[in-house]
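Visitor: I have a structure I would like to understand better, so I am pasting it below and will then ask my questions one at a time.
Numbering (our numbering), first residue to last: 113 to 326.
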């Protein structure tokens with residue numbers, strides 16, 4: 113069984129979540145577990161989109177989130193960065209995606225999901241946002257997920273679906289540090305994310321679905 117972001121749920125666990133007012137707290141053995149804050153200075157040189165910028169990122173990592181998933185979120189930001197793109201509450205709030213961009217009126221322009229959301233969640237996002245981008249990962253599990261949602265998702269005109277190469281997410285996870293200085297380069301359809309402390313990771317993906325107007 114998978115949750116809204118594609119993480120497999122355990123049938124029995126010694127931790128549990130209590131949700132109140134749109135926020136959630138995780139408890140383990142009676143003690144509340146808070147999100148861990150990560151900081152990243154990200155330099156982006158996207159020659160395909162002619163986007164060049166430096167971003168100071170604050171990333172709240174949910175207690176249930178892995179290094180891999182957090183860094184896939186960072187990679188998603190790097191690949192689709194725009195002036196108002198921002199991280200959301202993610203796993204802490206089921207009503208928000210992993211990232212979004214809003215216009216000056218508060219309307220959602222871009223909605224980005226990481227993992228394996230079900231078709232109902234994607235449909236809801238499609239109705240709330242101008243465009244929806246899903247970045248799936250997980251190798252065989254991602255393939256099975258796509259087989260299950262493909263027929264319905266392909267009818268959603270404003271939805272884009274990518275799946276990362278099987279080795280990409282584990283490699284991105286090795287970049288995770290509490291304080292990071294990262295560089296992302298995109299050129300001729302290829303992307304790299306790295307730091308001074310670690311080798312750059314080539315971000316390979318397959319486009320499973322493009323928007324209808326592409």
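For every residue, glycine included, the Cβ atom is placed at its ideal position computed from N, Cα and C.
(1) By alpha-carbon positions, which one of 150, 161, 296 ends up nearest to residue 314?
(2) Mapping the DSSP letters down to three states, classify residue 293 as helix, strand or coil.
(3) Mind reading off the beta-carbon distance from residue 227 to residue 181? Whole number of angstroms is fine, and I expect it under 8 Å.
(4) Identify every residue that forms a DSSP beta bridge with residue 271.
(5) Indicate whether residue 234 and residue 271 have their beta-carbon atoms separated by less than 8 Å.
(6) Assuming residue 222 and residue 245 are in contact, meaning their beta carbons sit under 8 Å apart, how far apart are those beta carbons, in whole angstroms?
(7) I'd like the ranges of any beta strand (DSSP E) spanning at least 3 consecutive residues and lying wholly in the stretch 170–255.
(8) Starting from residue 284, trace the alpha helix (DSSP H) both ways and give me its first and last residue.
(9) Could you give the residue range of the beta strand (DSSP E) that holds residue 303?
Guide: To lay it out plainly:
(1) If you compare the alpha carbons of 150, 161, 296 with that of residue 314, the shortest gap goes to 296.
(2) In the displayed model, residue 293 falls within a strand according to three-state DSSP.
(3) Their Cβ separation, rounded to whole angstroms, is 7 Å, which keeps residue 227 and residue 181 in contact under 8 Å.
(4) Bridge partners of residue 271: 244.
(5) Yes, the pair counts as a contact, with Cβ atoms nearer than the cut-off.
(6) So it is a contact: roughly 7 Å between Cβ atoms.
(7) With a minimum length of 3 residues, the continuous beta strand (DSSP E) runs that stay inside the stretch 170–255 are 197–199, 211–214, 220–226, 241–248.
(8) Counting along the chain, the unbroken alpha helix (DSSP H) around residue 284 starts and ends at 280–285.
(9) Element bounds for residue 303: 302–307.
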